[in-house]
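Visitor: Residue numbers (my numbering): 3 to 161.
I am attaching a structure below and will ask some questions about it afterwards.
This is the structure:
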């Protein structure tokens with residue numbers, strides 16, 4: 003099974019072109035199967051070299067957020083939203099930031115709703131949106147028709 007960061011390292015050693023683009027696409031595809039976020043300065047330097055890649059920018063944003071460099075993380079993630087507006091994880095991350103750090107509940111809800119609309123089968127996104135509503139004392143949405151589609155049975159839920 004391929005891993006994202008080694009593929010990105012390999013891509014960073016190549017000049018921009020079809021071969022590099024192929025490695026970047028393989029890294030994006032591998033991300034969903036085996037997630038490992040950047041955590042070393044060499045990984046940060048490598049991702050910075052791939053600044054034209056929205057996916058590298060997303061991961062670099064994750065690194066900065068984990069190091070509490072929120073301003074840099076948000077700037078990177080906002081750029082990702084422009085380059086890859088259908089990438090649900092970036093909307094999720096922005097929603098969590100708006101709630102936890104910025105205190106902007108409306109923006110948090112908008113981002114989490116967008117993430118869930120992009121990945122309606124992701125139970126975690128539904129859970130996080132529901133938690134936002136509970137913490138903000140918002141009424142639940144009318145029946146949450148997506149709930150049955152997302153959570154198939156009680157035995158499928160694990161903690």
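Glycine is no exception: its CB is placed at the ideal position from the N, C-alpha and C atoms.
Quick one, which of 81, 77, 127, 66 has its alpha-carbon nearest residue 91's?
Guide: Residue numbering aside, residue 91 sits at position 89 when the chain shown is read from its first letter. Comparing Cα-Cα distances from residue 91 to each of 81, 77, 127, 66, the minimum goes to 127.
Visitor: Among the residues of its own chain, which have a CB less than 8 angstroms from the CB of residue 5, if the five just before and after it don't count?
Guide: Translated into the one-based positions of the chain shown, residue 5 becomes position 3. These residues qualify, in order along the chain: 32, 36, 38.
Visitor: Which whole-angstrom value describes the C-beta separation of residue 82 and residue 63, a residue pair presumed to lie in contact below a C-beta threshold of 8 angstroms?
Guide: Taking the chain shown and counting its residues from 1, one reaches residue 82 at position 80. Taking the chain shown and counting its residues from 1, one reaches residue 63 at position 61. At roughly 7 angstroms, the Cβ-Cβ gap stays under 8 angstroms, so residue 82 and residue 63 are in contact.
Visitor: Quick one: what does DSSP say residue 138 is sitting in, helix, strand or coil?
Guide: In the chain shown, counting from the first residue as 1, residue 138 sits at position 136. Here residue 138 sits in coil by DSSP.
Visitor: Please determine, among 44, 114, 124, the residue with the shortest C-alpha to C-alpha distance to residue 134.
Guide: One-based indexing of the chain shown puts residue 134 at position 132. Comparing Cα positions, the closest option is 114.
Visitor: Taking 8 angstroms as the cut-off, does the segment 68 to 84 touch the segment 51 to 59 (at least 3 CB pairs, one atom from each stretch)?
Guide: Cβ pair count under 8 angstroms is three or more, so yes.
Visitor: For residue 15, which option in 116, 100, 50 has the closest C-alpha, if you only look at C-alpha atoms?
Guide: Taking the chain shown and counting its residues from 1, one reaches residue 15 at position 13. Comparing Cα positions, the closest option is 50.
Visitor: On the CB-based measure, 16 or more other CB atoms within 10 Å of its CB, does residue 73 come out buried or exposed?
Guide: Looking up residue 73 in the chain shown gives position 71. Its Cβ having fewer than 16 others within 10 Å, residue 73 is exposed.
Visitor: Taking only the alpha-carbon atoms, compute the straight-line gap between residue 53 and residue 110 and give it to the nearest angstrom.
Guide: Reading the chain shown from its first residue, position 51 is the one you call residue 53. Reading the chain shown from its first residue, position 108 is the one you call residue 110. Approximately 26 angstroms, taken between the alpha carbons.
Visitor: With distances taken between CB atoms, is the gap from residue 67 to residue 77 smaller than 8 angstroms?
Guide: By one-based count along the chain shown, residue 67 stands at place 65. By one-based count along the chain shown, residue 77 stands at place 75. Not closer than 8 angstroms, so no.
Visitor: Is it the case that the Cβ atoms of residue 93 and residue 116 are separated by a distance below 8 angstroms?
Guide: As a position in the chain shown, residue 93 is number 91, starting the count at 1. As a position in the chain shown, residue 116 is number 114, starting the count at 1. Yes, the Cβ-Cβ distance between residue 93 and residue 116 is below 8 angstroms.
Visitor: Rounded to a whole number of angstroms, what is the C-alpha to C-alpha distance between residue 13 and residue 87?
Guide: Mapped onto the chain shown, residue 13 falls at position 11. Mapped onto the chain shown, residue 87 falls at position 85. So the alpha carbons of these two residues sit roughly 23 angstroms apart.
Visitor: Please specify which runs of the alpha helix (DSSP H), each continuous and at least 4 residues long, are wholly inside the segment 31 to 106, giving them in chain order.
Guide: With a minimum length of 4 residues, the continuous alpha helix (DSSP H) runs that stay inside the segment 31 to 106 are 43 to 51, 56 to 68, 72 to 85, 90 to 99.
Visitor: Which of the three DSSP states is assigned to residue 19 in this structure?
Guide: Looking up residue 19 in the chain shown gives position 17. Coil.
Visitor: The alpha helix (DSSP H) with residue 12 in it runs from where to where?
Guide: Locating residue 12 in the chain shown gives position 10, where the first residue counts as 1. First-last of the alpha helix (DSSP H) with residue 12: 6 to 14.
Visitor: Taking DSSP as the reference, what is the three-state secondary structure of residue 124?
Guide: Locating residue 124 in the chain shown gives position 122, counting from the first residue. Residue state, collapsed to three classes: coil.
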